[in-house]
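Quick note: the sequence shown uses our numbering, first residue 510, plus one each step.
All C-beta atoms in this analysis are idealised placements derived from N, C-alpha and C, irrespective of residue type, glycine included.
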Amino acid sequence: MLSAMVLLTAGCAEDASPGGAPRGERGPTLVVTETAQPRMIRSEIEAIGTARANESVTITAKVTDTVNQVRFDDGGYVEAGDVLIELTNREETALLAEAQANVEDTRTQLERLENLLAQRTVPVSQVDEARARFNAAEARYQSVLARLADRLIRAPFSGVLGFRQVSAGTLVTPGTAITTLDDVSVIKLDFSLPETYLSLLHPGLSLAAHSVAYPERTFDATVRTVDSRVDPVTRTATVRAHIDNDGLLLRPGMLLTVRLVAEERQALMVPEDALVQRGDQAYVYTVEEGVADMREVSHGDRYQGWVEITHGLTPGETVITEGVIKVRPGSRVRTADAVSRVFPGKPSLVGRPSLVGAVSIPRLGVPPEDRGLETAPTGALG
510 MLSAMVLLTA GCAEDASPGG APRGERGPTL VVTETAQPRM IRSEIEAIGT ARANESVTIT
570 AKVTDTVNQV RFDDGGYVEA GDVLIELTNR EETALLAEAQ ANVEDTRTQL ERLENLLAQR
630 TVPVSQVDEA RARFNAAEAR YQSVLARLAD RLIRAPFSGV LGFRQVSAGT LVTPGTAITT
690 LDDVSVIKLD FSLPETYLSL LHPGLSLAAH SVAYPERTFD ATVRTVDSRV DPVTRTATVR
750 AHIDNDGLLL RPGMLLTVRL VAEERQALMV PEDALVQRGD QAYVYTVEEG VADMREVSHG
810 DRYQGWVEIT HGLTPGETVI TEGVIKVRPG SRVRTADAVS RVFPGKPSLV GRPSLVGAVS
870 IPRLGVPPED RGLETAPTGA LG
């Protein structure tokens, strides 16, 4: 009787989970995967530069006199030759009238004597003296005319004015600052680069410049000149680039960052979460026909969650990016539905790699720091 009950109980236990996996066996592990793909990456060097006006000058007076009239507003745009300041000119106006009258008088005398000389009624020396008096009067007239012109202070070139420093009635002397004038139609951007990268620079090279004042905008810059000398202390050379300042957004003195493309190449990229670091060795888990396999790999540069695989993977292979800590070599896996990762499209920050549809190289040749990834992943898995 007791033997029959034991056999019955054992039979019921075997049928406890009809249609399910036998006791002791687990179902496939749920993971998220990504395909290793070659991407175009670029190595970028980033430097900080200072914006300068294409032309810049402090407007000053040439003579000592009082301001009669101010003809400009703070921050106004002026054309070359526009009058900015009119100084008192009553004395010069009177002297000009006197000089002009003297010119007319001496001209009349010269013409009369030249007619008499043609009739041989006056000596040549008398005509020469009259011509000398006329030339002196003409020179005097031009001198007074120049003095009068100095009473009109004009813009030497087109540009934007700064704040005015004088008012009507102000006594100005040579060297007195009246205002500033900047031609900002083109911005000169000066920055320094280590001598290591001088071979990459040449006039006409295109660069990308950015300002914190306009974070969403890229300004196109073109290298114009590389300094003929390298600083013996810093081992850097100054580079000057030009930026067409459409809309006059950039101003002298602004800080800009500039990027220089050092190299473009293809690289095999996978999400950084796929990398498992164990000591000095790096691994990824690949998936083929639902079975996971651990593969030793060599990796290169990292950028914003992506890493370059230099050895151990081929394009098109599938790697596990989430659920890595739950699998072992030979584990059966099932791929979870997940949103595909978007490759970062913007250039990197200072010295980091940037992407052309993918990833790129690190700052000024400094190798990126390795990062252990044997932690619980986050994302599509619970």
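Judged by pairs of C-beta atoms under 8 angstroms, the segment 631–638 does not touch the segment 683–691, as fewer than three such pairs exist.
Between the segment 819–833 and the segment 777–786, the count of C-beta pairs closer than 8 angstroms reaches three or more; the two stretches touch. In terms of Cα proximity to V742, the closest of T542, E704, V540 is E704.
With 16 or more other Cβ atoms from the protein chains shown falling within 10 Å of its own Cβ, E543 counts as buried. Under the DSSP definition of a beta bridge, K697 partners with R561, H751. Here A655 is exposed, its C-beta having fewer than 16 other C-beta atoms within 10 Å.
Positions of the alpha helix (DSSP H) runs, each at least 4 residues long and wholly inside the segment 562–638, are given as 599–627 in order along the chain. The beta-carbon distance between G821 and R804, rounded to whole angstroms, is 6 angstroms. This is short enough to meet the 8 angstroms contact definition.
Judged by their CB atoms, I557 and L702 are not nearer to each other than the 8 angstroms cut-off. Of the candidates V579, V540, Q813, the residue whose Cα lies closest to the Cα of G678 is V579. The shortest CA-to-CA distance from P712 to any of S737, S840, P547 is the one to S737. From the listed residues G585, D574, P632, D729, the smallest Cα separation to L670 is found for G585.
Secondary structure note for V541: its beta strand (DSSP E) is the uninterrupted segment 538–544. Distance check between V836 and each of Y812, N563, V796, P547 places V796 closest, using alpha-carbon atoms only. Of V739, S715, T630, L757, the smallest CA-CA separation from L769 is found for S715. Taken through DSSP and simplified to helix, strand or coil, Q813 comes out as coil. A560 counts as buried, since no fewer than 16 other beta carbons sit within 10 angstroms of its beta carbon. The segment 683–735 contains, as complete beta strand (DSSP E) runs of 3+ residues, the segments 686–703, 715–720, 723–735 (chain order).
Proximity of the segment 804–815 to the segment 751–764 falls short of the contact definition, fewer than three beta-carbon pairs being nearer than 8 angstroms. The beta carbon of A717 sits closer than 6 angstroms to those of T727, R768, all from its chain and outside the five residues before and after it, given in chain order. When the Cα atoms are used, R744 and N598 turn out to be separated by approximately 56 angstroms. The bridge partners DSSP lists for G839 come to none.
Going by C-alpha positions, Q674 is about 32 angstroms away from R749. The Cβ-Cβ distance between A570 and P665 does not fall below 8 angstroms. R660 is a Cβ neighbour of L596, given a cutoff of 8 angstroms. The criterion of a C-beta distance shorter than 8 angstroms is not satisfied by L619 and V631. Each residue's CA atom was taken as its position, placing E772 and S694 some 31 angstroms apart. Secondary structure at R774: strand, using DSSP grouped into helix, strand and coil.
Here S737 carries a coil assignment [DSSP, helix/strand/coil]. A straight line joining the alpha-carbon of V592 with that of I662 spans about 6 angstroms.
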